[in-house]
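Numbering (the numbering used here), first residue to last: 5 to 306. Single-structure report; data block below.
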Amino acid sequence: MLWQNSFEKTFKKAGKCIENDNLVEAKNLYLKCLSMEPDNIIVLNNLAQLYGVLGDEKNAKGYSEILLNECNKKLDNNSDENLLLIKTSALISLKRYDELNYTLDELLKLNPENEYGLTQKIKYLELNKQHEKAIHYIDKLLTDYPNNISLLLAKGRNLVELNEFGEAEKCYDLALMMETKNKAAINLKSELLKKKHNINLTPHDLMLKAVESFEREDFKASKEYYKKALDMNPEYDEIWFAQGELFIRTGYIGKAIASFKKAFSINPNSGGIVDHDGFFKMLNRMKKINMILGFEESEKMD
């Protein structure tokens with residue numbers, strides 16, 4: 005009993021160290037736990053992960069190998085979802101992808117809805133250019149998580165590889181509707197347009213620069229990049245919407261309203277805004293305040 009209490013206290017203390025980002029102390033405490041329970045797969049898994057984060061690849065690999073052996077011993081007796089999940093983690097760390105695929109199939113046979121298993125299966129299939137199968141699993145997850153941006157982008161990537169450019173663009177557009185300045189979505193849409201139209205530069209390349217300038221609070225540069233993007237091609241609602249967000253951030257509500265109206269004229273669902281009337285009422289109230297303060301009359305970014 006005393007030994008059990010000592011293990012539990014040490015294990016909990018290690019968990020607290022992780023919460024406080026004291027990873028070296030956490031590692032030392034888990035090593036102490038391991039001396040008490042050498043075949044504890046949770047401790048082995050935590051040590052493998054910690055050594056990886058700390059950059060000690062040799063020990064990370066070593067503990068992953070031990071973890072894998074312990075999982076296999078326990079799985080000889082019965083298939084267990086949690087054990088298969090931990091085994092999956094070890095195989096990913098060891099980059100043993102063929103065995104990983106087999107283990108994922110076992111996991112999904114036990115629980116076809118296991119989110120982690122489905123996600124890893126998608127990554128494996130995409131990596132191995134099995135794009136139709138990857139889309140099959142992505143669609144299973146999208147049934148429960150229709151607004152998951154990472155899934156939408158993954159589906160778009162696989163559709164592009166199948167030359168389904170129109171369907172891929174729909175995936176990217178939906179992602180951009182939910183998160184207008186998502187840099188991964190902007191970049192993927194740019195790459196799609198380059199393949200689709202055989203061009204070297206797209207408005208979305210410039211949009212990405214605008215977003216990056218916005219993040220640096222270089223609003224003048226951001227404004228110029230949006231203008232260049234829209235001069236190149238004014239048909240993309242997400243660029244108009246993102247420009248509107250820039251104008252709000254810099255206090256030009258009148259210009260923001262004009263930009264948002266243009267976005268909605270192209271796509272009524274731009275930015276995920278459903279209540280246009282309420283949205284513009286809010287902006288007009290902001291504009292009136294700015295006019296009283298005199299902000300709408302000066303070009304502060306220039």
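Positions of the beta carbon are idealized from the N, C-alpha and C atoms, including for glycine.
Residue range Glu85 to Leu98 is occupied by the alpha helix (DSSP H) that includes Leu89. Contact annotation: Glu173 and Lys200 have beta-carbon atoms nearer than 9 Å.
Within a 10 Å sphere around the beta-carbon of Gly170 sit fewer than 16 other beta-carbons, which makes this residue exposed. Inclusion of Thr92 and Leu111 in the CB contact set at 9 Å is warranted, their separation being smaller than that value. Residue state for Leu166 is assigned as coil, using DSSP reduced to three classes. For Arg253, the enclosing alpha helix (DSSP H) covers residues Asp241 to Arg253.
C-alpha of Lys62 to C-alpha of Leu72: approximately 15 Å in a straight line. A contact is defined here as three or more CB-CB pairs under 8 Å, and the segment 243-263 meets this definition with respect to the segment 184-194. In the displayed model, Thr184 falls within coil according to three-state DSSP, outside both helix and strand.
Measuring C-alpha to C-alpha distances from Gly258 to each of Ile270, Lys285, Lys232 and Pro238 identifies Lys285 as the nearest. Pairing Thr206 with Asn162 gives a Cβ-Cβ distance that is not under 9 Å.
Between Glu85 and Leu114, the CB-CB gap stays under 9 Å. Annotation for Tyr101: Tyr128 place their beta carbon closer than 7 Å to its own, counting only its chain and skipping 5 residues before and after. According to the DSSP assignment, Tyr256 belongs to no alpha helix (DSSP H), since it is labelled neither H nor E. Of the candidates Asn9, Asp279 and Leu54, Leu54 places its Cα closest to the Cα of Asp25.
Given a length threshold of 4 residues, each whole run of the alpha helix (DSSP H) inside the segment 98-172 is given here in chain order: 101-114, 119-131, 135-148 and 153-165.
If you ignore the 5 residues before and after Lys193, its C-beta comes within less than 6 Å of the C-beta of Tyr176 and His208, all in its own chain and listed in chain order. Assignment of Leu48 by DSSP, reduced to helix, strand and coil, places it in the helix class.
In the three-state scheme derived from DSSP, where H, G and I count as helix and E and B as strand, Gly59 is classed as coil.
When the beta-carbon positions are compared, Leu87 and Leu95 stay at least 9 Å from each other.
Classified as exposed, Val278 has fewer than 16 neighbouring CB atoms from the shown chains inside 10 Å of its CB.
By the CB criterion at 9 Å, Met181 and Gly59 fall outside the cutoff. In chain order, Ala52, Ala94, Ser97 and Leu98 place their CB closer than 6 Å to the CB of Ser68, counting only its own chain and leaving out the 5 sequence neighbours on each side. Pairing Leu210 with Gly255, the inter-Cα distance amounts to about 22 Å. When Ile243, Arg253 and Lys291 are compared, the shortest CA-CA separation from Phe268 is found for Ile243.
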